[in-house]
Structure formats: C-alpha cells, structure tokens
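Visitor: Quick one: structure below, then a few questions.
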Amino acid sequence: MALNILVVDDSSVMRTIIIKTLKLTDLPLGDIWEAENGEKGLRLLQEKWIDLALIDIHMPVMDGEEMIRHIRENDQYENLPVIVVSSESDPGKIEMVHKQGATFIHKPFKPETLKEVIIAITGVSNEVKD
Amino acid sequence: MKSKIKKVLEEAAVNTFEDICFMYQVPELKDIQKNLTLEAAAEVKYRGDYTGSLLIETRGGLFSAIAANILSIDSPSSPQKRDALGEIANIICGNVVISLGRSKLGYKIESPKYLKKDELLKEKRQGKPLVEITMNFNEGRADIKFFVDGDFVAKEKKG
C-alpha cells in the first residue's frame, strides 16, 4: 500500500530534505503534500487522503504542537500516524510529543532511521508478497 | 567540559554534513584549504540556561555545494544557498546545546541569520568561541564556532 504523506515545515529546504530522505527509504510512496505551517497542514488534511504526517515543532502561524492537538481532537484523522522531525533538545517538549501520540525523530536523521519508524507506526512494508 | 562539547560539536557536524548534504570529510585537504577566502556565514542564536550562538563559515565553494547537494540542483539561487546554510547551522546548533547540560526550560533556538561577508569581517562582536572545528571537504571548507556568553567554564566549575 503506497503511503500518502504530508510534510509540514516552515523551511522549504527542510521539506526538500525530508522528502529526499523519504524517497531513499525505498518504502512505497504515493502522493507527498507540503505545508509551511500547521494551519495549512490542517487544510490539506481535510482535503486530501493522508496516511502519515511528518511535522516540525517550531513554525509560525501554527506550530507543530498545536497542529497535533487539532489532529487528535478531530474524529476524521485522530489516529493519523505522526512523526515529529525536529532538532528540539528540550526533554519536556519531546515528552509532550510522545503524550500526543506522536513519534519523535531528531535531526539529522538517516533514511534507515526514518524507514524503521515509518514501518513501526504505519505497518507498511516494502516487501513484495507472493 | 569543553572537550565534551567539542566532541559533541564534531559528531553533530559530521552527521549533519553526511546525512543531510551527503558530504564526507577529507582530512588530507587541511593544508591545501588553509588559506581559502571566506565566502558566506550563517549564525544561529540560542537561549536557555546559557545563551550564545553557533556560527558556520564556508570557503572554497562549499556555500553553493551545500545547497546543490541538499536540493539536488546544479545552480542554486542565492536565497536557496542562504536557506540551506542556515538550516545546517540550525540542525548542528540544536544538537550541540544539549551538551551544555540539562536546562530547566530547554533551549530556544532562533531562526538562522545569514551574515554578509563585510558584516562578519568588520564586527569583532563574536569574541572567542568556546569550541571550534574545521571540516575539509572536496567541495570546500567549513569552520564552525560555538559561542557561550559569559564565562561558561568558570560557572561550570562553581557547579
């Protein structure tokens, strides 16, 4: 099953890095959508079929924490797998991420690390079944 | 403590350049790249229990190469080059501030600032970094300096 993925980060360079790393995981990828803040990310969630969201914490307009809170409060996608991608060092913030049912990946990260996390939280596999 | 922070800086910088820019150090270039001209710099400030900044300077074409590698394009634009360098500085800084010790409120890292060459050369505001490293790549050279405001070493000794 190909994953439709939402990438939310205020840095266009970072979004490029994340998407490039996603492609290097060799996982089955469908559509990849980008948003520069949490507000635009939520709009895309309402409009598109998204299987996984990769979200930065620190963004203008609406940050990652608030966006995840909105996600968990919405019946439509409350169980959406979420990965927070950040260089955040504050243990309190990282704990908050876990409490919101998201997984944290620290920048920089290798494709192998990202792949392991995605497989763990989505159950997707790139193995070909006979 | 300083040696520990330097080790963390080295590790963070190596991982960032390898994982994000796909660039690997070539130590043999150290002498050849010694006198390269400064071409660009980005600074990231942080605040928490300590305040300070991380400064990354590039030489020998690395400024363009970072963006080209990250974005997989041949000729990045000036804004793309600045954004890419800023992002590298941001990631490295985020990894290094952890080594300053557990902060009650965590560290806030500000948005990266691109420094114009004359601005950087003119102002001696940076003072002496707590730790600094030089990285040599086929694509050019990076000098990374980590600053902590105040007398960090003395404060750490007091405990």
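Residue numbers (our numbering), protein chains in the order written: chain A, 9 to 138; chain B, 105 to 263. Think of the CB as a built atom: it goes at the ideal place given N, C-alpha and C, for glycine as much as any other residue.
Taking 8 Å as the threshold (beta carbon to beta carbon), is Lys31 (chain A) in contact with chain B?
Guide: no
Visitor: Note down, in chain order, each residue of its chain lying with its Cβ closer than 6 Å to the Cβ of Asp59 (chain A), except the 5 sequence neighbours on either side.
Guide: For Asp59 (chain A), where only same-chain residues beyond five positions count, the Cβ hits under 6 Å are Leu11, Asn12.
Visitor: Sorted by chain position, which residues of the same chain lie with C-beta nearer than 6 Å to Glu44 (chain A)'s C-beta, five sequence neighbours on each side aside?
Guide: Excluding positions up to five away in sequence, the list reads Asp18.
Visitor: To be precise: take each residue of the segment 101–113 of chain A, compare its Cβ to all Cβ atoms of chain B, and keep it if any distance is under 8 Å. Which residues remain?
Guide: Lys101
Visitor: Are the CB atoms of Gly49 (chain A) and Val90 (chain A) nearer to each other than 8 Å?
Guide: no
Visitor: Looking only at C-alpha atoms, which of B:Leu140, B:Asn240, B:Ala146 sits nearest to Lys249 (chain B)?
Guide: B:Ala146
Visitor: Within 10 angstroms of the Cβ of Ile124 (chain B), are there 16 or more other Cβ atoms? Answer buried if so, exposed if not.
Guide: buried
Visitor: Which same chain residues end up closer than 7 Å to Leu234 (chain B) when comparing Cβ atoms and leaving out the 5 residues on each side of it in sequence?
Guide: Lys106, Ile109, Phe250, Phe251, Val252, Phe256
Visitor: Report, in whole angstroms, the separation of the C-beta atoms of Leu30 (chain A) and Leu122 (chain A), which I expect to be a contact under 8 Å.
Guide: 7 Å
Visitor: Within the segment 123–185 of chain B, note down every full beta strand (DSSP E) run reaching 3 residues or more, in order along the chain.
Guide: 142–151, 155–163
Visitor: How many Å lie between Val132 (chain A) and Asp39 (chain A) at the Cα?
Guide: 15 Å
Visitor: Near Asn240 (chain B), which residues of its chain fall below 7 Å by C-beta distance, leaving aside the five closest residues on each side in sequence?
Guide: Gln129, Val130, Pro131, Leu133, Lys134, Gln137
Visitor: Are Gly72 (chain A) and Asp83 (chain A) close, meaning C-beta to C-beta below 8 Å?
Guide: no
Visitor: Is Tyr211 (chain B) closer than 8 Å to Gly152 (chain B) when the C-beta atoms are compared?
Guide: yes
Visitor: Could you give the DSSP three-state label for Glu73 (chain A): helix, strand or coil?
Guide: helix
Visitor: My parser needs the alpha helix (DSSP H) runs of 4 or more residues fully inside the segment 28–78 of chain A; what are they?
Guide: 46–55
Visitor: Measure the CB-CB distance between Gly46 (chain A) and Arg80 (chain A) and report whether it falls below 8 Å.
Guide: no
Visitor: Alpha carbon to alpha carbon, how far is Glu143 (chain B) from Leu166 (chain B)?
Guide: 9 Å
Visitor: Alpha carbons only, please: which of A:Lys107, A:Pro116, A:Tyr85 is nearest the one belonging to Glu96 (chain A)?
Guide: A:Pro116
Visitor: With a cut-off of 8 Å on the beta carbons, I'd call Gly45 (chain B) and Gly164 (chain B) a contact; round off their distance for me.
Guide: Outside the displayed range of chain B (105 to 263) lies residue 45 (chain B), so it cannot be described from this structure.
Visitor: Using the beta-carbon count (16 or more within 10 Å), is Ala124 (chain A) buried or exposed?
Guide: Residue identity check: residue 124 (chain A) is Glu in the sequence provided, not Ala. With fewer than 16 Cβ atoms within 10 Å of its Cβ, Glu124 (chain A) is classed as exposed.
Visitor: Determine the contact status of Ile160 (chain B) and Leu189 (chain B), defining contact as a CB-CB distance below 8 Å.
Guide: yes
Visitor: In terms of residues, what are the limits of the alpha helix (DSSP H) holding Val107 (chain A)?
Guide: According to the sequence as given, residue 107 (chain A) is Lys; it is not Val. Note, Lys107 (chain A): alpha helix (DSSP H), 99–107.
Visitor: CB Ile170 (chain B) to CB Ile192 (chain B), shorter than 8 Å?
Guide: yes
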